[in-house]
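With the numbering used here as the guide, the letters of the sequence shown map in order to residues 1340 to 1490. Below is one structure, written out as structure tokens; comments come after it.
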Amino acid sequence: MPAYYTGEGATISFSNAQTAGLNSKTYCVRSISMPSFDRDKIDVSCLDSSGFKEYIPSYLSEPGELGITVRFDGADMHELTDIGYQGPTNSEMTCTLDFGLLDGETTAATLVGSGFIQNVSFSELNGTSLLELSISFCFDGRIDPTYTTGS
1340 MPAYYTGEGA TISFSNAQTA GLNSKTYCVR SISMPSFDRD KIDVSCLDSS
1390 GFKEYIPSYL SEPGELGITV RFDGADMHEL TDIGYQGPTN SEMTCTLDFG
1440 LLDGETTAAT LVGSGFIQNV SFSELNGTSL LELSISFCFD GRIDPTYTTG
1490 S
């Protein structure tokens, strides 16, 4: 029977961030919303087209974004320092999503790409649940998001 991902063991990390603190930060990941990679369609219909509109695929794809919810630990807020930071073209901020090891694997599957932190928000304070931090990481297309299978 093939192995199935449940999210257990998944981790998220950042490198080449503006502050050294975010590079070395370890998160207790509560949930991750996976990116959606979209390609627009281009309408190439003419006035003499019959039936349906005609389309071709766009040459560019939307690289998508990751939604990460982590347990807030009260540490320094490096995410707020890095919000919107693009950096010079030779030092992109890179996000690595490690899927965790499946049975029989020695190397976990990964999703890696460059981008920037687009949004940081806190959950409500209500006395009955953990304070969480939601981070939206937008892939910028400088280093294409690449999925590598585990082995």
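Note that the Cβ used here is the ideal one computed from N, Cα and C, for glycine as well. These figures come from a predicted structure and were not determined experimentally.
What residue does the beta strand (DSSP E) around residue i start on, and which one ends it?
i     : result
I1381 : 1377-1382
I1395 : 1394-1401
D1437 : 1432-1437
S1453 : 1449-1461
By how many angstroms is the C-alpha of residue j removed from the C-alpha of residue i?
i     : j     : result
E1404 : C1385 : 35 Å
V1368 : D1379 : 32 Å
L1441 : L1361 : 27 Å
Counting only the same chain and skipping the five closest in sequence on each side, list residues whose C-beta sits under 6 Å from that of residue i.
i     : result
I1407 : I1351, I1371, I1474
Counting C-beta neighbours from all protein chains within 10 Å, is the total for residue i 16 or more, i.e. buried, or is it exposed?
i     : result
P1396 : exposed
V1409 : buried
Who are the near neighbours of residue i in its chain, counting only those whose CB is closer than 8 Å to its CB and skipping five residues on each side?
i     : result
S1412 : Sequence inspection shows Asp at residue 1412; the Ser mentioned does not correspond to that position. Hits under 8 Å: C1367.
P1484 : P1374, F1376, P1402, G1403, L1450, V1451, G1452, F1478
Ignore the nearest five residues each way along the sequence and tell me which others in residue i's own chain have a CB closer than 7 Å to its CB.
i     : result
C1477 : E1404, G1454, F1455, Q1457
Measuring CB atoms only, is the stretch 1384-1398 touching the stretch 1465-1472, in the sense that at least three cross pairs come out at less than 8 Å? Contact fails: fewer than three Cβ-Cβ distances are below 8 Å.
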